[in-house]
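Worksheet for the structure shown next.
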Amino acid sequence: MPPPRSDHLLSIYPHITDRDRHLLHLLDDHHVLTTDQIHRLFFQARRTCQIRLSELHALGLLDRFRFARTGGGSHPWHWTLGHNGHRFQAAAHDRPEPTARASRQRVHRLSANPRLTHLVTVNEFFVRLRAHTRRQPQARLDRWWSESTTTKQFRTITADGHGLWSLGDTTVGFWLEADTGTEPLHRLIAKLDRYATMSRRTGVRYPVLFWLDRPRREEHLHQLLRHSEVTVATATHDTDPTDPVWLPAGTTSRVAIADLPADHGHPVADNPNFHDGIFVA
Numbered sequence: 008m009p010p011p012r013s014d015h016l017l018s019i020y021p022h023i024t025d026r027d028r029h030l031l032h033l034l035d036d037h038h039v040l041t042t043d044q045i046h047r048l049f050f051q052a053r054r055t056c057q058i059r060l061s062e063l064h065a066l067g068l069l070d071r072f073r074f075a076r077t078g079g080g081s082h083p084w085h086w087t088l089g090h091n092g093h094r095f096q097a098a099a100h101d102r103p104e105p106t107a108r109a110s111r112q113r114v115h116r117l118s119a120n121p122r123l124t125h126l127v128t129v130n131e132f133f134v135r136l137r138a139h140t141r142r143q144p145q146a147r148l149d150r151w152w153s154e155s156t157t158t159k160q161f162r163t164i165t166a167d168g169h170g171l172w173s174l175g176d177t178t179v180g181f182w183l184e185a186d187t188g189t190e191p192l193h194r195l196i197a198k199l200d201r202y203a204t205m206s207r208r209t210g211v212r213y214p215v216l217f218w219l220d221r222p223r224r225e226e227h228l229h230q231l232l233r234h235s236e237v238t239v240a241t242a243t244h245d246t247d248p249t250d251p252v253w254l255p256a257g258t259t260s261r262v263a264i265a266d267l268p269a270d271h272g273h274p275v276a277d278n279p280n281f282h283d284g285i286f287v288a
């Protein structure tokens, strides 16, 4: 059993594994993961996952919340950083140490955020990619960026996420637009103008992946799509995004992410984040 919570962060270091550190890093970047998502990312047995999460909660490294389901029962536990988790990540990244009150407020804001379902959906997309790499050695998720990191790095776009997906010697960058069915389709399409502007400015031409909540909505989106300077491909939540399920606009055949066209761009004199033709943080 882990020791009781302590004001001295160093006292819990002997109980933190490399896997725990990786989980803390992901939650620092992506805020929230469900029990099932953490299980698929890091564990073989679900029970082992549940036990370890409870231990990390007892150490104050993680916090959790869940809501009641309509009709009875509860939604799954949603896990985020606890106060000691925030302290550990602050130390790791040379940030000011948060107070206990600030850590509690972060959890409260996250749990009450009206975009929580959307955030979990975005993370689910990347969890499916990362979980696939555990089964397929030739596949790699070389980059998993959140909306905030993507916006900070590329500035002119507001993608829900950005990734680099590799299969063998092929690496494809992509922008993710995760749809939960609450936004008008014309608003989704309007985002493509910013991607086109960014592509002209930087030379980075990654496909925009619209991950839609249901097939009917996907069909309607394709009816509205017109010619665009950027590659657009769609799939739905009920599919495995690592499979050949992506339908490029203007085509009738579905392909895998690694089969979509992508150009990593070219070095730009006034952009220090371009190295070897690839935009990096």
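Just so you know, we're using my numbering here: the sequence shown kicks off at 8 and counts up by one.
Glycine is no exception: its CB is placed at the ideal position from the N, C-alpha and C atoms.
Closest by C-alpha distance to residue i, when choosing among the options
{"i": "D149", "options": "T77, R207, Q143, R137", "result": "R137"}
{"i": "L34", "options": "T87, C56, Q143, D27", "result": "T87"}
{"i": "A269", "options": "T249, A240, D250", "result": "A240"}
{"i": "R26", "options": "F50, L40, I19, S18", "result": "F50"}
{"i": "A146", "options": "V127, T124, S173, H125", "result": "S173"}
Residues that DSSP places opposite residue i in a beta bridge
{"i": "V211", "result": "H271"}
{"i": "A242", "result": "W218"}
{"i": "V262", "result": "W253"}
{"i": "W84", "result": "W84 pairs with nothing; no bridge assigned."}
{"i": "A289", "result": "A question about residue 289 goes unanswered here, because the residues of the chain that appear run from 8 up to 288."}
{"i": "A185", "result": "W218"}
{"i": "H169", "result": "W152, W182"}
{"i": "T41", "result": "H85"}
{"i": "A146", "result": "L174"}
{"i": "D70", "result": "T87"}
Contact check, residue i vs residue j, beta carbons under 7 Å
{"i": "H91", "j": "L68", "result": "Here residue 91 turns out to be Asn, not His, going by the sequence shown. The answer is yes: Cβ separation under 7 Å."}
{"i": "D167", "j": "V129", "result": "yes"}
{"i": "T164", "j": "M205", "result": "Sequence inspection shows Ile at residue 164; the Thr mentioned does not correspond to that position. Going by C-beta atoms, I164 is nearer than 7 Å to M205."}
{"i": "F132", "j": "W151", "result": "no"}
{"i": "V237", "j": "T246", "result": "no"}
{"i": "W84", "j": "T42", "result": "yes"}
{"i": "T124", "j": "T187", "result": "yes"}
{"i": "H193", "j": "W182", "result": "no"}
Span separating the alpha-carbon of residue i from that of residue j
{"i": "R261", "j": "K159", "result": "32 Å"}
{"i": "A185", "j": "Q230", "result": "19 Å"}
{"i": "H271", "j": "H15", "result": "45 Å"}
{"i": "L60", "j": "V114", "result": "17 Å"}
{"i": "L171", "j": "R47", "result": "20 Å"}
Heavy atom of the ligand GTP within 6 Å of residue i beta-carbon
{"i": "L16", "result": "Summarising the ligand content, the structure contains no ligands, and the ligand GTP is consequently not present."}
Item checked: Given 8 Å, three or more beta-carbon pairs between the stretch 218-225 and the stretch 115-127 -> The stretch 218-225 vs the stretch 115-127: no contact.
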